[in-house]
Structures are given as structure tokens and as C-alpha cells.
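Read the structure below first, then the notes.
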Amino acid sequence: MNVNAPMAPAEIQGAVAAEVERQLKTFRDEMERKLAEVRERTVDDAATIVVFSGDLDKVLAGFVIATGAAAAGLQTSMFFTFWGLAALKKKGAAGGPKNIMEKMFAVMTPKSTESLGTSKLNFFGMGAVMLRKMMKDKQIATLEELMALAREMDVKMIACTMSMDAMGVSKEELLDGLSYGGVATYMADAVRSRVTLFI
Amino acid sequence: MNVNAPMAPAEIQGAVAAEVERQLKTFRDEMERKLAEVRERTVDDAATIVVFSGDLDKVLAGFVIATGAAAAGLQTSMFFTFWGLAALKKKGAAGGPKNIMEKMFAVMTPKSTESLGTSKLNFFGMGAVMLRKMMKDKQIATLEELMALAREMDVKMIACTMSMDAMGVSKEELLDGLSYGGVATYMADAVRSRVTLFI
Amino acid sequence: MNVNAPMAPAEIQGAVAAEVERQLKTFRDEMERKLAEVRERTVDDAATIVVFSGDLDKVLAGFVIATGAAAAGLQTSMFFTFWGLAALKKKGAAGGPKNIMEKMFAVMTPKSTESLGTSKLNFFGMGAVMLRKMMKDKQIATLEELMALAREMDVKMIACTMSMDAMGVSKEELLDGLSYGGVATYMADAVRSRVTLFI
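The listed protein sequences derive, respectively, from chains G, C and Y. If you read the first sequence in our numbering, its first letter stands for residue 352, the second for the next number, and so on. If you read the second sequence in our numbering, its first letter stands for residue 352, the second for the next number, and so on. If you read the third sequence in our numbering, its first letter stands for residue 352, the second for the next number, and so on.
Pasting the structure below:
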């Protein structure tokens, strides 16, 4: 192309299109990078609940919220730690050999969801019996029904391995189909969650 | 336009403007779509507090945080469930007829905020009396003042209808101006919140 | 420039480049503004934990999660309020003069982390002794080790000044290197956090 000769209209339009594309390319790359930076700062449609308590009423609240979150379309995970581990105990499972401290803990902590007490008005188990009776009378889902529902809704249930280790609880004593992990596992879910609760 | 004749400068600028607009249109649509996708992953300036506990100290903490959140410009909602429902009871309200279980629950749970006990050092109500006395001496807002402040600041207070049903509590027994809803109502607020707490 | 004379190719390309730049400028400003709006709605890599409870097991859980959050790369802050303040008490610190109510509170609340009880199975301190023994046997970090680790990981520990005031606790009675603040301080960290918990 002779740089001094007048350009033909087709040439001009080609040049225009090329120039626009060139400048846009740079701009697009910059915007994509900035968008990616902002996206890094966002969250997934996810909810994460730490179930620390082993009280029937609190565990119930945990499952009501977890199934509610799953129903709202959130990927939901529950992390059972400390006393909350008791909610995952299989009924009548024998478990491995325990040392004296572990035996004392096993005796003093609930054997399965059916022996969980309430955080208030416990009266040696009366609170839990009453709460269960009132929920039944009112046709409110029981803890066991809610747990089954949570599984159907793909709520992830993670047993805290540090707590299992501390309390001498083996996988054989816990329900089937659980995930296992420590605080790092929990945190990986929590950082990308819209809702994070400690119960 | 003769495609072979040289273009006049005005024609050229028109061509440039048209080409830029054409290419930008496509790009703008793409960026708007990507921005909308990222925006979907963000949160509102909102806070959501589940008040599960009916302990004076915990309910107090709930209202301190709720009014603090409202003062920081967050749309704040509190969801009162299980024992937390007691914090919403109207003083001296009669309520509807109750069955035996409901009567037992009514007797055993606090009648209004003024009868809430503390989670620690309760000593048959001494803890609450002391906590209230110390707060008064130090001119710290009382629970009732904080509740009034929360209302002025448009903190939304939601009574959990499932808990009302389970415990046989009617709307007549609760404060005026409340919202009512279940876990789905709570979750709708929670998913768009920056701060989500369970107290 | 004669607006009717044909433009030289170099002139044309210059004009095209300038016109594209001009149109893009407006678009860029608009996109930057929209991006900034979306960015306002995002969160930092941060976690905020309210430690309301003074129970050994709950404070332990708080520090396990806080160090886990810090290990996951989150700026982590813990806000110690109400009974949680006890976890920050210096061992054997005298403190300032106290009125009668403050003295009663001081007698009834733990003197330092070493006297914290557990939320369950307390049996006049037996629960805490057992929990500490089991953790030692299993070589799980003690509360004091976790607190030291949290400091090393730059976990910010904030003592709630309202609680200090209410309970008559002075800075001299608390550990060194703490931050001090009220609910507004907490909220400033919480609104930009991915993970917000109340323990």
C-alpha cells in the first residue's frame, strides 16, 4: 500500500474494523482480568453449618436449617464436631477397644440421636421426651426424619476426625455414608458459603 | 456512495463511529452478561441473626449485634425460633387454649423478656438480676431498650411459625409488629447477607 | 485540515485510532463504574468469630476454627464478649479496685483459661480436666498452645470494651497484645468476612 495515495473506501473500512478490534482486544483482556478479580471475591450458592452441640434441640435446629438451605438451592454441608458427633452415632454399634478415658466419655455422651438431651429443661431426659412428643403431636418432622431428608437432599455430613480421635470414636460407631475431615475440610466449604453458622 | 471514490473525512468519521458502535454492541452485551453473572454471586448489605436461645445474656448479645449491624447500615433481620421465641412474648398476654403439653411448656418457659434467665450463673434467676443490675449501674442499654432501638432502626423481627406451632404459642401472646415465617423466610434473607449468626 | 479534501492514509489511521479511543473511553468509564458497584457487594478473604461463651470446649472450638481460617489464608479476627472475655484473662493479674457487684462477678467467673469449665459434663470442673487429659493423651494442641499459634498467625483478638465495662474488667487483667473495641469494631470486620460465626 502506498502510504501517500488516497485509500479506497474498502481499505478504509478494513482499517477501521482492524483498529477497533485491536483496541477492543486490549480492553477486553483488561476487563476479563478485572472481572476475574472481582469474581474471586464472591461466593457460591452454598451453606456450611458447624454442629458443635449434641443437644437434641440444637441438632434439630441444625437439620431444619440445613434442609431449608438445601431446599433453597444451596449446596449444604454440616460439620459435626465435639458433642455434635453424638448425632452421627449408629444405634447399638459396638466400636473398637477404648481406653479408660474413652470409656468414661462413651458412657457420659449419648449413644445415638435417640438419647440426645435438650439444652434447656432437660430434667434427666424429660425435656427431650416432651419435645419429641410435642413435635409428633404437631406432625413436625423428627430428627431421624430430618436426617433422612437431609441425605436425600444431598446435604454433606462431615464427621470431625479430630473429635473422633479425641473421644476415641471409630468409623464403625458412626452412620454410613458420611464424609470425614478436619477443620481444613470445613474451611474449604465455609469460605465459599453464603451462610455460615455455628450451632 | 461510490466505493472506489476517495471518502471525505466526514464520511470516514461516520464509518469509524458506525464500526465502533457495531463491535462495541456485541462486546457490551457480553460484558453485561458476565457482570450480571458475577453480581449473582455477591451479597447485599444485610445481616441475619437466628435467635435460638432464650437466655437473657444471649438474647441481649443478639440485640447488641443487631442494632450494631443496623447502625453500620445493614438491613438486619432476626429470626426467633425454639427458646428464642420467649423474647418476643408480650407481658401478661393470655394466649389461646392450650393442651396439657403446651401448658407444661408455657409454665416452664419464660413469660416475657423480664423473666429470661442467663446461660451461665443462673442460680434460680440471680444471674439475670445481677446482669441487669450491673448493666443499669454502668448505664448500658437494657434488653427492653435495645428492642425498642432495634424497632426504630427497622430491624425485622421474625417469629418462627414452626416453633409457635410446636409450643402452642399464638400471635396474641407475642409482641405487636412482628413478621411471621418459617425456615424458608429466614433462608431468603440469609442467602443475601454479609453476616449470618446463630445465637 | 480541509474537511473536503481527501485524507492521507496516515491521517485516516490516526483519525480512526483517535475516534475508537474516544468512544471506548466512555464505555470504559461505564464498565469501570459497574465493576466497582459489583465489587462493593463482594467480600474479603476474612473470617470473624464472636466468642460469647466462656466454656473451655467452645473457646477451644473457636481457636481451632480461627487457626484453621488463618491457615486457609483468611485474615481472622476474634471478638471476645460477655463470658468469652474470661478466655483473655491474664493468670494471677490483680486488676483495679472493684465494686461489690464486680467482685461477685470476678469470684464467679474463671480467673484465666486454666479455670474454664466445659459446656457439658462439667461436674465441678471434672469435664474440663478430662477434656484436657484426653487432648494431651492424643497430642491435640491445648487451648494455651492454640492461643499462641493464633497470635503467631496474626489472628486479631479483640476484647469487647462494653463487656469489660459491664463486668468491671480492666486492661491490666487481660493478656498483652490485644485489640480493644465495641460492636462497631466487630461489625467493621464482619461485613467484609466470608465466614461469620457466633460461638
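Just so you know, even glycine gets a beta-carbon here, dropped at the ideal spot from N, CA and C. Keep in mind that this is a model prediction, so the values were computed, not measured.
- Across the region 363-376 of chain C, CB contacts with chain Y closer than 7 Å involve Ile363, Gln364, Val367, Ala368, Val371 and Leu375, in sequence order along the chain.
- By the C-beta criterion, the region 427-436 of chain C is judged to be in contact with the region 395-407 of chain C, since at least 3 inter-stretch pairs fall below 8 Å.
- Three or more Cβ pairs closer than 8 Å define a contact, and the region 368-387 of chain Y falls short of that threshold against the region 407-423 of chain C.
- In chain order, Met382 make up the part of chain G whose C-beta sits under 8 Å from the C-beta of Met382(Y).
- Just measuring C-alpha positions, the residue of Gln426(Y), Arg483(Y), Glu465(Y) and Ile491(Y) sitting nearest Lys440(Y) is Glu465(Y).
- The beta carbons of Leu548(C) and Phe549(Y) sit about 4 Å from each other, so the pair counts as a contact at 8 Å.
- Taken through DSSP and simplified to helix, strand or coil, Phe549(G) comes out as strand.
- Boundaries for Val371(G): no beta strand (DSSP E) harbours it, while the alpha helix (DSSP H) harbouring it runs Pro360 to Glu391, taken from the DSSP string.
- If you look at Val415(Y), you'll find it in the alpha helix (DSSP H) that goes Leu407 to Ala422.
- Looking at the DSSP output, Ala510(G) sits in a beta bridge with Phe431(G) and Tyr531(G).
- Assigned with DSSP and collapsed to three states, Val401(C) falls in strand.
- Straight across, the Cα-Cα distance linking Ala417(C) with Glu381(Y) is about 36 Å.
- Within the DSSP secondary-structure output, Lys440(G) pairs in a beta bridge with Leu525(G).
- Interface with chain C (7 Å Cβ-Cβ cutoff): Asp408(Y) is excluded.
- By the C-beta density criterion, Ala535(G) is exposed, having fewer than 16 other C-beta atoms within 10 angstroms.
- Per DSSP, Met504(G) lies in no alpha helix (DSSP H) and is assigned neither H nor E.
- Taking 7 Å as the CB threshold, Arg379(C) stays off the interface with chain G.
- Lys462(G) is the residue among Lys462(G), Lys454(G), Arg384(G) and Ala397(G) whose C-alpha sits nearest the C-alpha of Leu407(G).
- Within the region 512-541 of chain Y, the residues whose Cβ lies closer than 9 Å to some Cβ of chain C are Met513, Asp516, Ala517, Met518, Gly519, Gly533, Val534, Ala535, Tyr537, Met538, Ala539 and Ala541, listed in chain order.
- As a beta-bridge residue in DSSP terms, Gln426(G) pairs with Ala397(G).
- Each of Val520(C), Lys385(C), Leu482(C) and Lys449(C) was checked against the Cα of Thr460(Y), and the nearest Cα belongs to Leu482(C).
- Per DSSP, reduced to three states, the secondary structure at Lys487(G) is helical.
- Along the region 388-421 of chain C, going in chain order, the ones with a CB nearer than 9 Å to a CB of chain G are Glu388, Val389, Arg390, Glu391, Arg392, Thr393, Val394, Thr399, Val401, Phe403, Ser404, Gly405 and Asp406.
- Residues Thr418 of the same chain have their beta carbon placed closer than 6 Å to that of Leu500(C), with the five preceding and five following residues left out of the count.
- Taken through DSSP and simplified to helix, strand or coil, Lys449(C) comes out as coil.
- Interface annotation, Phe430(Y): not in contact with chain C, CB-CB separation never under 7 Å.
- In the structure shown, the three-state DSSP call for Ser466(Y) is helix.
- Only exposed fits Tyr531(Y), as fewer than 16 other CB atoms lie within 10 angstroms of its CB.
- With respect to chain Y, the C-beta atom of Thr547(G) has a partner C-beta closer than 7 Å.
- Using a Cβ-Cβ cut-off of 7 Å, Lys449(Y) does not count as an interface residue toward chain C, since no Cβ of chain C sits closer than that to its own.
- Close to Lys385(Y), with beta-carbon spacing below 7 Å, are these residues of chain C in chain order: Leu386.
- In its chain, beyond the 5 residues on either side, Leu425, Gln426, Arg543 and Ser544 have a beta carbon closer than 6 Å to the beta carbon of Ala397(G).
- Taking C-beta separations shorter than 7 Å and ignoring five residues to either side along the sequence, the partners of Val415(Y) in its chain run Leu497, following chain order.
- Its Cα nearest to that of Gln490(G), the residue Ala517(C) stands out among Thr469(C), Thr493(C), Asp540(C) and Ala517(C).
- With a threshold of 7 Å between beta carbons, Ile509(G) makes no contact with chain C.
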